[in-house]
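These notes concern the structure reproduced below.
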Amino acid sequence: MTRFTQSLLESRAGLAALTLRVPTGIILAAHGAQKLFGWFGGYGLEGTGQWMASIGLGPGYLMALLAGSAEFFGGLALLLGLLTRPAALVSAVTMLVALFSVHIDNGLFMANNGYEYALTLFAVSAALAIQGGGRLALDNWLLTRLDIAKPATA
């Protein structure tokens with residue numbers, strides 16, 4: 092269990108991960124807030140659920156809840172660097188679903204509601220799932236608190 096927890100939380104990604112985590116976390120959390128709470132011009136769970144059901148992702152309300160939660164809570168976790176790898180993995184899967192269920196038939200470009208943005212969020216999320224949260228992530232604090240960090244060498 093200790094080895095698994097350490098491999099889950101430990102990251103040697105440095106500061107580069109921070110530049111990926113923060114904007115991606117903000118974007119995902121905002122999109123999730125649209126789905127869950129109707130913030131930022133979103134439709135909330137009811138409206139998003141109806142739309143999801145209309146494109147074949149049913150039951151719509153449940154799918155809206157799952158997608159909104161993955162984006163909102165996953166985005167907050169990425170922003171903080173807390174459980175970065177699991178949050179990034181869930182976010183990556185969510186972006187793949189969005190890419191193939193909503194955007195793929197519209198081509199690459201966003202001007203046509205294409206998949207370039209979902210692909211970008213997928214790529215960043217996948218990179219964070221691989222490399223972890225980096226030096227300035229709460230994962231490091233958690234690792235230390237769990238007393239499983241490697242001892243310092245002189």
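Residue numbering for the sequence shown follows the numbering used here, beginning at 92 and increasing consecutively.
Ideal Cβ positions, reconstructed from N, Cα and C, are used throughout, including at glycine.
Problem set entry | Sequence-distant residues of the same chain with beta carbon closer than 6 Å to Ala179, five excluded per side | Ser216, Leu219, Ala220
Problem set entry | Element boundaries [alpha helix (DSSP H), containing Trp232] | 229–236
Problem set entry | Nearest-angstrom Cα separation, counted from Ser192 out to Leu166 | Residue identity check: residue 166 is Gly in the sequence provided, not Leu. For Gly166 and Ser192, the distance between alpha carbons rounds to 21 Å.
Problem set entry | Start and end residues, alpha helix (DSSP H) containing Met201 | Looking at the DSSP string, Met201 is not in any alpha helix (DSSP H), and its letter there is neither H nor E.
For this session: Please list the segments of the alpha helix (DSSP H) lying wholly inside the segment 100–136, counting only runs of 4 or more residues, in order along the chain.
Result: Unbroken alpha helix (DSSP H) stretches of 4 residues or longer found wholly inside the segment 100–136: 107–128, given in chain order.
Exercise. How many angstroms separate the CA atom of Met115 from the CA atom of Leu169?
Worked result: At residue 115 the sequence reads Thr, which differs from the Met that was named. Spanning the two alpha carbons is a distance of roughly 7 Å.
Exercise. Ends of the alpha helix (DSSP H) at Leu173?
Worked result: Element bounds for Leu173: n/a, residue is neither H nor E.
For this session: Excluding the 5 residues preceding and the 5 following Asn75 in the sequence, name in chain order all residues of the same chain whose CB lies nearer than 8 Å to its CB.
Result: Any answer about residue 75 is impossible in this case: the structure gives the chain only from 92 up to 245.
Exercise. In angstroms, rounded to a whole number, what distance separates the CA positions of Ile118 and Leu173?
Worked result: 16 Å
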